[in-house]
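In what follows, a structure is listed as structure tokens, so that the remarks can point back to it.
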Amino acid sequence: MTSQPEPQFAPPNPSLGTFGLRAIWIITVSTLAIFLIFLTSGRTKLSESVVEIIAALVYTTVIALPSIFLLTRLTIICAGRFPRWVLPMQALILLCTATAGTFAGALVLVAVGIHSPGHYWHDALSELPFCITISLIFGLSISTFETLRYKLQAASLELRTQQVEQERAYKLLAEARLSSLESRIHPHFLFNTLNSIAALIPSDPSRAEQTVGNLASLLRFSLNAHHSGLVPLSQELKIVRDYLEIEKTRFGVRLRYEINIPPEIADVKVPPLALQSLAENVVKHVISHRPQGASLEVTGHMESGRTILEVIDDGPGFSLESIAPDHGLGNLIARIELLYGAAGQLEVSRENGKSAVRLVFPA
């Protein structure tokens, strides 16, 4: 099964930009256009309504531009975290820009001759409460809307990412299931198993019947494993026993195994076919290549809130660096990473002439 490239999702843009800046630029262009018309018309006086329009545009421009810029910078600095102090900080920014913008706007109106210099303070102070109120209402409303929009985008991104990771986990599990099923239905495996069953029928019919049951159970589990992300350890151990008993009919005394798992961890959830893959690796790469066979032991215990499962054999050992991604253990490593992240590990060690493959994950 070939792997497909994972879709990439761009993080949401934490800015107040597009809509607000377009509106501000429209206001700015409109203000400049009115001024140009006024200056080029040669008129020395304006009607009261036109003066009010120009004053409103001037105040809006000199207040809104710095407000949008500072609020955008604040949002980028927060980087989507939006702590509790953001709203008071936004209100403080709007209060400062509204105050400074009101005095700056009044100064612009005096400079272009719309208002007289003698009425500067009167005009600025009379417009200040209105400008502050409008700035706080519209500014906080837009900021709140953009904050909620960003949070919604971030939540959607996280959901899509989780969906992709879940689909990838299911894909890897399906690959493990297919790999296991392929090894189960491999002609050599089936022929060897059927020949072993045929040889047992005259001499040990009860064991032949048991081997048939083990084979059916193993095939059924391999087919149904993709329906669940995790299975109880007791169920996984049954599959390991079924597999080893089937192989034992072929290898006889060359395959020696023990399963020592305490009952208190029998209900721990494990990735399906995890221990079976480790046992199969020993059978295929150690026992089948050694005339004397090998001993295999499956152990497990709890330690510091983690479940530790081990498959130990007296073979020559191997290194995880030599495992190809499409190998059964490579698939298992990828599934552990997806299921548990950094908390899950597959380790290989060698001590006292024995190799141990250790599966570690949170309990």
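When you read off a place in the sequence shown, starting at 1, and then add 44, the result is the number in our numbering.
Where a beta carbon is used, it is the ideal one built from N, C-alpha and C, also for glycine.
- For Phe265, the uninterrupted alpha helix (DSSP H) run begins and ends at Pro249 to Asn268, by DSSP.
- Taking C-alpha positions only, Glu341 is separated from Glu202 by approximately 42 Å.
- Residue state for Pro335 is assigned as coil, using DSSP reduced to three classes.
- If you ignore the 5 residues before and after Val154, its C-beta comes within less than 6 Å of the C-beta of Pro161 and Tyr164, all in its own chain and listed in chain order.
- Per DSSP, the continuous beta strand (DSSP E) segment holding Glu391 begins and ends at Gln389 to Glu395.
- DSSP places Glu289 inside the alpha helix (DSSP H), whose first and last residues are Leu277 to Phe295.
- By the beta-carbon neighbour count (other beta carbons within 10 angstroms, threshold 16), Phe189 is exposed.
- Here Phe362 carries a coil assignment [DSSP, helix/strand/coil].
- For Val355, the beta-bridge partners assigned by DSSP are Val342 and Val401.
- Each residue's CA atom was taken as its position, placing Thr343 and Leu353 some 6 Å apart.
- Val312 sits in coil when the DSSP states are folded into three classes, being neither helix nor strand.
- The straight-line gap separating the alpha-carbon atoms of Glu365 and Glu395 is approximately 18 Å.
- In the three-state DSSP reduction, Pro406 falls in the strand class (E or B).
- Selection Asn304, Pro406 and Arg298 evaluated against Arg350 yields Pro406 as nearest (Cα-Cα).
- Look at Arg117 here: in three-state DSSP terms it is helix.
- The three-state secondary structure of Leu238, taken from DSSP, is helix.
- Counting only the Cα atoms, Val392 lies some 25 Å from Glu308.
- For the options Arg334, Met346, Ile380 and Tyr287, the alpha carbon positioned closest to that of Asp358 is the one of Arg334.
- Between the C-alpha atoms of Ala142 and Ile158 there is a straight-line separation of about 21 Å.
- Closest in C-alpha terms to Lys195, from the list Leu151, Ala318, Leu234 and Cys122, comes Cys122.
- Following the DSSP letters along the chain, one finds Ile137 inside the alpha helix (DSSP H) bounded by residues Val130 to Ala155.
- In the structure shown, the three-state DSSP call for Leu244 is helix.
- In its chain, beyond the 5 residues on either side, Phe295, Val297, Arg298, Leu299, Arg300 and Ile331 have a beta carbon closer than 8 Å to the beta carbon of Gly337.
- Per DSSP, Leu299 is not a residue of any alpha helix (DSSP H); the beta strand (DSSP E) it occupies stretches across Leu299 to Asn304.
- Ser179 is classed as buried because its beta carbon has at least 16 other beta carbons within 10 Å across all chains shown.
- In the same chain as Leu216, and ignoring 5 residues on each side of it, the C-beta atoms closer than 8 Å to its own belong to Asn375, Ala378, Arg379 and Leu382, in chain order.
- Counting of Cβ neighbours within 10 angstroms places Lys292 among the buried residues, the total reaching 16 or more.
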